[in-house]
Each structure stands twice: as structure tokens, then as C-alpha cells.
Amino acid sequence: MKTCPIQKSSSILILVFLSFNLISQIQAQGKTIPDSKLNLNEQKKDNPMKRTDSDWKRILSPEEYRILRDKGTERAFTGKYDGHFEEGTYKCAGCGNKIFDSESKYRSGCGWPAFSDALPESVAETKDNTMGMARVEITCSKCESHLGHVFNDGPNPTGLRYCINSVSMDFNQEEKK
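The sequence shown begins at 17 in my numbering and counts up one residue at a time.
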């Protein structure tokens, strides 16, 4: 039996739409991080680092710009800090703001560096409903660069997993807290 190319295209589009709808419903029924556990910044304060888009493009590599400024994601299991467990401090690659201590880093198996807690007032959290998912985006509190996302499937005592792009960070072995 012959199928019309338009019917085939329509069927594929409907299938894709239904798949995204199903994923959204499953995620909506899943656990969400209570707002009381997060420092949600629905309206961000004035950015203390006033850099233009041109400044960022000049300062960052194309890959850093894609992730830090365009909110991209590096491929899983490719980041230099995924299996990195030296003692020290992780800093925002955009501005040098200290964001995570190595003591909170753990092996989550998710393919990106994972931390159970951020340093106080180092990151901002914002609800992110892009890509058909309900997530919480993590940005640097100093320069507002995209770092990654936080999920509620981490270890005790926080129960949080900060899933961070390696490209978003630099590591300093000498410094701790």
C-alpha cells in the first residue's frame, strides 16, 4: 500500500508532538524541588558585571560563549571536570566567582560534574521550562552566566544534584572556601 508523503510527514509530526506531551506529563507528575529549598530569582537583580554581548564574545571562546551566554549544554561524559576529584575550589569561567567547593562534589554518573551544594550566595536559581521539561537553571550570581541545572535526586543532607557544565567552570587547587 502506498502512502502519501504528506500523510507520512503528518504522522511523524503527530508522533513527535505526542512524545513531547507524554514526557512533559511524566515530568510534571515526578518530584519537583520545593521552592523553599531554592533561592529562586524570578526577577533578577541588576547584574553587577555590566558586559555587552560583544565583550563576552571577545572574552570567551566560541564554546564557552555557547554554554555560558546562550545557555547551551556540553555533551555528557566529555567535560574535563566530570571525573575530576582534586581538592580545591571551582569558579565561574565567566568571571572567577567561587561557586563550588570540592567537598560537595560527588560521582553521580550523570555525565556532568555534580555537586550537592553551592557556596553561599554564589549561584542564582531560576525556573526553566524549556525543552519540554520543568527544571531549575543555575547561573552565576555575579555575572549571570549559565552554569547548568539543579535536581532533587542528590545525596543527603541537601538531596540536591547541581549538574554543571565543565566549560562553565575553572578549578583552583590552592584555594578552598
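Don't be surprised by glycine CBs; every beta carbon is placed ideally from N, CA and C.
Small disclaimer: the values here were computed from a predicted structure and weren't measured.
1. In angstroms, rounded to a whole number, what distance separates the CA positions of N145 and G164?
2. Only counting runs of 3 or more residues, tell me where the beta strand (DSSP E) segments fall wholly within the stretch 66 to 109, in order along the chain.
3. E137 to T155, Cα distance in whole Å?
4. Please report the distance separating the alpha-carbon of S118 from that of E190.
5. What's the gap between the Cα of K87 and the Cα of S161?
6. Could you give the distance in angstroms between the alpha-carbon of C108 and the alpha-carbon of R151?
7. Count the other C-beta atoms from every protein chain shown that fall within 10 angstroms of the C-beta of S70, then say buried if there are 16 or more, exposed otherwise.
With the structure as the only source:
1. The residue you call residue 145 lines up with position 129 of the sequence shown. The residue you call residue 164 lines up with position 148 of the sequence shown. Cα-Cα distance, rounded: 14 angstroms.
2. 105 to 108
3. In the sequence shown, the residue the question calls residue 137 occupies position 121. In the sequence shown, the residue the question calls residue 155 occupies position 139. One C-alpha to the other measures close to 11 angstroms.
4. Taking the first residue of the sequence shown as 1, we reach residue 118 at position 102. Taking the first residue of the sequence shown as 1, we reach residue 190 at position 174. Cα-Cα distance, rounded: 11 angstroms.
5. Residue 87 sits at position 71 when you count from the first residue of the sequence shown. Residue 161 sits at position 145 when you count from the first residue of the sequence shown. If I take the Cα positions, the gap works out to 8 angstroms.
6. By 1-based counting over the sequence shown, the position of residue 108 is 92. By 1-based counting over the sequence shown, the position of residue 151 is 135. C108 and R151: Cα-Cα distance of roughly 21 angstroms.
7. To locate residue 70, count along the sequence shown from 1; it is residue 54. The residue is exposed, with fewer than 16 neighbouring Cβ atoms inside 10 Å.
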